[in-house]
Amino acid sequence: MRLTDMAVSLWPKRSNAYPFAFIFILLYNKVVADQMPGLTFDDILPEDRSTYDKMRPPKKDGKPTIVYFHVTVMGLDSIDETSMTYAADIFFAQTWKDHRLRLPENMTTEYRLLEVDWLKNMWRPDSFFKNAKSVIFQTMTIPNHYMWLYKDKTILYMVKLTLKLSCSMNFMIYPHDTQECKLQMESLSHTTDDMIFQWDPDVPLVVHENIELPQLALVKNYTADCTQVYSTGNFTCLEVVFVLKRRLGYYLFHTYVPTCLIVIMSWVSFWIKPEAAPARVTLGVTSLLTLSTQHAKSQASLPPVSYLKAVDAFMSVCTIFVFLALMEYCLVNIVLGDSDAPKPPAPPQTVPPKRENVFEFPGKENALLLTGAPKLPPPPTAAQKARNRALKIDKCSRVLFPLLFFLLNCTYWILFAEYI
2 MRLTDMAVSL WPKRSNAYPF AFIFILLYNK VVADQMPGLT FDDILPEDRS TYDKMRPPKK
62 DGKPTIVYFH VTVMGLDSID ETSMTYAADI FFAQTWKDHR LRLPENMTTE YRLLEVDWLK
122 NMWRPDSFFK NAKSVIFQTM TIPNHYMWLY KDKTILYMVK LTLKLSCSMN FMIYPHDTQE
182 CKLQMESLSH TTDDMIFQWD PDVPLVVHEN IELPQLALVK NYTADCTQVY STGNFTCLEV
242 VFVLKRRLGY YLFHTYVPTC LIVIMSWVSF WIKPEAAPAR VTLGVTSLLT LSTQHAKSQA
302 SLPPVSYLKA VDAFMSVCTI FVFLALMEYC LVNIVLGDSD APKPPAPPQT VPPKRENVFE
362 FPGKENALLL TGAPKLPPPP TAAQKARNRA LKIDKCSRVL FPLLFFLLNC TYWILFAEYI
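Going by this note's numbering, the sequence shown wraps up at 421, each residue one higher than the last.
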């Protein structure tokens, strides 16, 4: 779409001036229309009406009609991962040349404003938004569209729309993912033999520089060709691709840090004495239930996909750590439980014990006083041995669990460092 000098002078160069320029053009068109003599639809049709067919594109020398597109994106919002949709506010311009039309008499300006309703009786590109779920035409304060006819019989049609578009998303590495959402425009009934869409060679796409999204960042946007082959032929198609990268800050403070704290909290049981069964069991079960709730909360805004996501892998391993901390106390309790069994009765003594001579006691006591030999401590009982084994298990767990969890975090963040 090569606009004439007047159109270029009216059209702004900065993206943040587009709303004001659009209103200015509509008001300017109103003033120009009031100053010009009345124009009817018959004034632009050829004298021989039989040569004009609104269903046939204006092909010249058998070549397909070229339609130039320009898109100005004013805003992106309402990105919904559950329904995989997003909303966009755009200015959509189409430009094509219809050599069959007749210029109005006494056309002194560079272009002439036409009634938009005349499009119903003229040939126009049958473009539609391929991935749109709904389209809202802006009517406040006046219908936001206009049509110009230039001296070289070029027609410009501009319209402001609010679109709700589908966006195919992949959550394999969520929340470190980068999504590509598209805005596709395709011909409905004309094949590439009759019509071809092309991007405006001067300004194909303008994206407002102040677009802000709460959880995603618009890192890149570009135009592309999406022409496809169907069973009925090749249908021309153009697309705008928005590259959206997810911001990690929200998930870091609302998912990863709380989850790690819950896992660390479950290790407190390793410092509680083994005999305090209610305290250790309550701490383990509470940590496990809290982690399950945290995992369910992280999945609330996502569709139920069948593949494993990055956050699922992290949360699942953390759940295993908390579960193993609870199982560690089961092992400690089993070790302690071995000493609780009733002791077998001592076998009956068949040999009567030797009676000590009454006169030997003073001699033994004097010998102990002279030699100073201490009394040997009694050997540990079975219960003491079992408790010592349980304490050793707790001491090993105090080192093993944090070490393994630290290695898990290092491995996880190294793997996904390139996506941050």
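Note that beta-carbon positions come from the ideal geometry of N, C-alpha and C, so glycine has one too.
N-terminal and C-terminal residue of the beta strand (DSSP E) that residue i is part of
| i | result |
| --- | --- |
| Asn235 | 234-236 |
| Ser167 | 155-167 |
| Gln139 | From DSSP, Gln139 is part of no beta strand (DSSP E); its letter is neither H nor E. |
| Arg113 | 112-115 |
| Val207 | 206-208 |
Residue closest to residue i, alpha-carbon to alpha-carbon, out of the options
| i | options | result |
| --- | --- | --- |
| His71 | Asp203, Leu416, Thr41, Leu262 | Asp203 |
| Ala225 | Asp43, Val241, Thr110 | Val241 |
| Ile263 | Ser135, Thr109, Thr287 | Thr287 |
| Ser232 | Trp119, Thr192, Phe198, Gln199 | Thr192 |
| Tyr112 | Leu284, Trp149, Ile394, Ala278 | Trp149 |
| Val424 | Glu213, Pro215, Phe198, Tyr223 | Residue 424 cannot be examined here, being either before or after the span of the chain that is shown, 2 to 421. |
| Gln139 | Cys182, Met173, Ile91, Thr260 | Ile91 |
| Leu408 | Lys396, Asn389, Phe315, Pro144 | Phe315 |
| Thr228 | Ile212, Trp119, Leu189, Val258 | Leu189 |
Residues near residue i in its chain [Cβ-Cβ closer than 6 Å; skip 5 each side]
| i | result |
| --- | --- |
| Leu337 | Pro275, Ala387, Ala391 |
| Thr320 | Leu292 |
| Phe360 | At Phe360 the pLDDT is 48, less than 50, meaning the model places this residue with poor confidence; the figure from the coordinates comes in the next sentence. Cβ neighbours of Phe360 beyond the five flanking positions: none. |
| Ser299 | Thr256, Val312 |
| Leu115 | Met148, Leu150 |
| Phe402 | Trp268 |
| Ala34 | Residue confidence is low: Ala34 scores 49 on pLDDT, short of 50, so the model does not pin down where it sits. Its coordinate-derived value is still stated next. Counting only Cβ-Cβ distances below 6 Å, and skipping sequence neighbours, we find Leu114. |
| Arg281 | Ser270, Ile273, Tyr330 |
| Thr83 | Pro304 |
| Ala133 | Leu164, Leu166 |
Range of the contiguous alpha helix (DSSP H) that encloses residue i
| i | result |
| --- | --- |
| Asp182 | Sequence inspection shows Cys at residue 182; the Asp mentioned does not correspond to that position. First-last for Cys182: 179-188, but that is the beta strand (DSSP E), not the alpha helix (DSSP H). |
| Gln385 | 383-416 |
Close Cβ partners of residue i (< 8 Å) along its chain, the five nearest in sequence each way excluded
| i | result |
| --- | --- |
| Ser169 | Met85 |
| Asn171 | Asp178, Gln180 |
| Leu284 | Met266, Ser267, Val269, Ser270, Ile273 |
| Lys60 | Thr66, Asp195 |
| Ala342 | Per-residue confidence for Ala342 stands at a pLDDT of 48, beneath the threshold of 50, marking its modelled position as unreliable; no derived number is given. |
In DSSP terms, what residue i is bridged to
| i | result |
| --- | --- |
| Trp97 | Ile156 |
| Gln229 | Phe236 |
| Leu325 | For Leu325, which the question treats as bridged, DSSP gives no partner whatsoever. |
| Gly76 | Asp90 |
Nonlocal neighbours in the same chain, by C-beta distance under 7 Å from residue i, ignoring five residues either side
| i | result |
| --- | --- |
| Pro58 | Thr66, Trp124, His191, Asp195, Met196 |
| Arg50 | none |
| Tyr413 | Phe315 |
Any 3 or more C-beta pairs closer than 8 Å across the region 271-288 and the region 205-223: no
Can we say the region 85-102 touches the region 124-136, given the rule of at least three CB pairs closer than 8 Å? yes
Is the region 243-261 close to the region 171-185, with three or more CB pairs under 8 Å? yes
Validate contact between the region 291-306 and the region 224-238 using beta carbons, cut 8 Å, 3 pairs: no
Report yes or no: do the region 192-203 and the region 156-165 share at least 3 C-beta pairs separated by less than 8 Å? no
For the region 61-71 against the region 85-97, do three or more pairs of beta-carbon atoms, one drawn from each stretch, fall closer than 8 Å, so that the two count as touching? yes
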